[in-house]
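Read the structure below first, then the notes.
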Amino acid sequence: MRRSLIAPLAAMLTAVPLTLAAADGGGDGDQSWTPPRTAWGVPDLRGVWDFRTITPLERPAKLGDKQVFEGDEAAEFRVAELGRRDKDRRASDGISAEQDVRNAYNQFWWDYGDELTEDRRTSLIVRPESGRIPALTPKGRERYSAMRAARARPPRTPVDRGVAERCILGFNAGPPYSPSAYNNNVHIFQSPGYAVLLIEMVNDARIVPLDRRGHLPAHIRQWRGDARGRWDGDTLVVESRNFTDKTSFRGSGANMALTERFTRVGPDRVLYEYTVSDPESFKAPWTAVIPMKKTAEPMFEYACHEGNYSMFTMLEGAREGERAGGHETGGDGQ
Amino acid sequence: MSNRRFRTWAGILVGTLAGVIAALAHHAFSAEFDAKRPVNLKGTVVKMEWINPHAWIHIDVNDDGGKVERWMIEGGTPNTLFRRGFTKTSLMPGTVIVVDGYQAKDGTQKANGRDLTFEDGRKLFLGSSGTGAPRDGRDPIER
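Listed in order, the protein sequences are those of chains A and B. The first sequence begins at 1 in the working numbering and counts up one residue at a time. The second sequence begins at 335 in the working numbering and counts up one residue at a time.
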C-alpha cells in the first residue's frame, strides 16, 4: 500500500500558525477526532465541498525550495496574486487590448476564491519537493506540442477546439479536480457499494464502484477514465485508468494512472490528494494536495450545451480571418 | 507592504504563472472577439438569456442615422449571477445600459461585455477587489 501524504501534511500543518484545526475549530491537527460514519459503517464524506484556492498548483520558480511561506510572505503573496487576477484592471492599469479581450468580463464573474491554503504552502504540488510538475518525456513533449499546435490553428469544426469549449469536460473537472475560475465545488454522494463525485462544472458525475471489480478492458477508453474505488482505512481511494488521447491533464496521456484520495480530517474539511503516474509522459510521478471546505451553498446546474453560442462565434471568427488573409489564429483558450 | 515588495511578488507571479492564465477562461475569447474592434454601445435591454455556459444580454442600439440595431452581449456563467444575488428582476427590459467591450471577429452585432454600466455610471455587475472589500481606494490591491 502506498504511503499517504496525509500524515506528513498534518505535521506540516501543525508547524505553522494557521492550521486547518485552528481555522475551523475542528480537526486536522486533532488526532483523536473521528470522522462520522454512514449508517452502513464507512467514513461519511457526503456533502458539498468547495476547493477554491489561489495557492498555485506549481511553486513559482523563484521561490526555490521554500515549501511554506514564512512571516508576512503569505499575506504579501496573496495580495500580489489577487492583484494579478483582478479583472477590473483595464487599459489605465497597463492592460493591453489583447489581454483585455482575454479577460472577457469584469471581476464580478470570477470566483477563484481569495485565500491561500491555510497551511501556507507555496504550491499545491507536494511531490516532488520542487513543487513543480516533473519534466515531460520526449514522447510527452511531442504529444503536448502537437496538441498546442492543433489548438493554435483556426478551427474548421468544433472538434478542433478543446473539450471544455465543446462542453464535454469542465476545465477544472479533470479528473483530477483543479481549482480554477469558477464552479469549484464537488458534491460527494455515497451509498453501499458506490460513491458519486458530482462536480459543478458541466454537471460531471463520476460513479465509482467500491466492490473491487476490475477495470474495463484496455481498449475501452473514457473521457474521465474508468474509476474504481476502495477504502484504505478512513480514506476513500479512487483509481482511474483507461483515459483517452483526446484529453490531457497538464501533459498527461491516455495511459495515465490517476490515484485520488479523499480523507475527512475535520467536521468541515476533506483533504483531497491526487497522484499522477504516467511514465510515458512525465519523468516522475507527481502529487498535489488540496484542502476542501464544506459549504452550505447549493450546487447549481451548469448545462453547458444549453446555449453555447460561443462555438459559432469562434468558428465564424476563424472564417472571417481566412477571408481577411488567413492570418487568424485559434485563440488561446482551452 | 511596500510598493517595491509588491512589485517583487507581482513579478514572480507574472513570470511563472503566465502559462496558466490561458487555461482559466471557459472559452477562447480572443478567438471570438477582436481586440481591434472595441465598442462602446448605449442600448436598451430587450431580454436577458440566463443560459449556460454564458449569459447573453440583448440590447437595441440606436445608430447615428436613427436606425435600431440589435446587439448580443456575452457575460459569464449564470451560476455567478445566482451566487452574487442577481435575479431575473435585476435587469428588466427597457433598462438602458452602456457596454464597453469588443465586437465579434465575424463583424456581427455581438460583443463581450467587458464592463457594463447603467446610464448613471454604476456598474451593472459590480466586482469586488478580489478580497471582498469594496472598491474605495483603501484596499492594498487597488492601484
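Just so you know, even glycine gets a beta-carbon here, dropped at the ideal spot from N, CA and C. Only a predicted model underlies this, so the values are computations on that prediction, with no experimental measurement involved.
- request: Compute the Euclidean distance between the alpha carbons of A:Gly307 and A:Ala205, then round it to the nearest angstrom.
  value: Straight-line Cα distance between these residues: approximately 21 Å.
query: What first and last residue would you give for the alpha helix (DSSP H) that runs through A:Ser145?
result: Looking at the DSSP string, the run of the alpha helix (DSSP H) that includes A:Ser145 is Pro138 to Ala152.
Chain B contacts made by the region 94-110 of chain A, where a contact means CB separation under 9 Å: If the cut-off is 9 Å between Cβ atoms, the region 94-110 of chain A has Ser96, Ala97, Glu98, Gln99, Asp100, Val101, Arg102, Asn103, Ala104, Tyr105, Asn106, Gln107, Phe108, Trp109 and Trp110 near chain B.
message: What does the Cβ neighbour count give for A:Gly266, buried or exposed, with the cut at 16 atoms within 10 Å?
response: In the assembly as shown, A:Gly266 is a buried residue. Its beta-carbon has 16 or more other beta-carbons within 10 Å.
- request: Can you pull the chain A residues whose beta carbon is under 8 Å from the beta carbon of B:Asp440, in chain order?
  value: Taking a Cβ-Cβ threshold of 8 Å, the residues of chain A close to B:Asp440 are Thr313, Glu316, Gly317, Arg319 and Glu320, in chain order.
- request: Measure from the alpha carbon of A:Glu142 to the alpha carbon of each residue in A:Glu280, A:Val289, A:Pro60 and A:Phe312, then state which is nearest.
  value: The closest CA to that of A:Glu142, considering only A:Glu280, A:Val289, A:Pro60 and A:Phe312, is found on A:Glu280.
- request: Please check if any C-beta of chain A sits within less than 8 Å of the C-beta of B:Thr421.
  value: So, not an interface residue.
query: With A:Leu216 and A:Asp226 assumed to form a contact (beta carbons below 8 Å), what rounded beta-carbon distance in angstroms separates them?
result: With 8 Å as the limit, A:Leu216 and A:Asp226 qualify as a contact, their Cβ atoms being about 5 Å apart.
field: Close Cβ partners of A:Arg37 (< 8 Å) along its chain, the five nearest in sequence each way excluded
entry: Here the set comprises Pro43 and Asp44.
Closer than 8 Å to chain A by CB, B:Asp454: Not a single CB atom of chain A sits nearer than 8 Å to the CB of B:Asp454.
Under the three-state DSSP convention, the category B:Ala445 falls into: The three-state reading of DSSP puts B:Ala445 in strand, counting E and B together.
- request: Check each candidate in A:Ser277, A:Trp110, A:Val202 and A:Ala318 and name the one with the smallest Cα separation from B:Arg417.
  value: Cα-wise, what sits closest to B:Arg417 is A:Trp110.
- prompt: How about A:Glu165: is its C-beta nearer than 8 Å to some C-beta of chain B?
  reply: Among the CB atoms of chain B, one or more fall inside 8 Å of the CB of A:Glu165.
task: Note down the Cα distance separating B:Gly410 from B:Met426, rounded to an integer number of angstroms.
output: Between the C-alpha atoms of B:Gly410 and B:Met426 there is a straight-line separation of about 18 Å.
- prompt: Can you find a C-beta in chain A that's less than 8 Å from the C-beta of B:Pro387?
  reply: True, the Cβ-Cβ gap to chain A drops below 8 Å.
field: CB of B:Pro412 within 8 Å of CB of B:Ala389, strictly
entry: A contact, by the Cβ cut-off of 8 Å.
query: What runs of the beta strand (DSSP E), each 3 residues or longer, lie entirely inside the region 242-312 of chain A?
result: Complete beta strand (DSSP E) runs here, min 3: 257-266, 269-277 and 286-294.
query: Is the beta carbon of A:Ala74 sitting closer than 8 Å to the one on A:Leu116?
result: Taking 8 Å as the Cβ cut-off, A:Ala74 and A:Leu116 qualify as a contacting pair.
query: Is the shortest distance between the beta-carbon of B:Thr429 and the beta-carbons of chain A less than 8 Å?
result: So, not an interface residue.
- request: Measure the C-alpha to C-alpha separation of A:Met342 and B:Ser424 and round it to an integer number of angstroms.
  value: Since the first and last residues shown for chain A are 1 and 334, residue 342 of chain A lies out of range.
query: Where does the unbroken alpha helix (DSSP H) through A:Arg102 begin, and where does it stop?
result: Ala97 to Asn103 is the extent of the alpha helix (DSSP H) around A:Arg102.
- prompt: Does any CB atom of chain A fall closer than 8 Å to the CB of B:Arg404?
  reply: Under the 8 Å criterion on CB atoms, B:Arg404 is classed as non-interfacial with respect to chain A.
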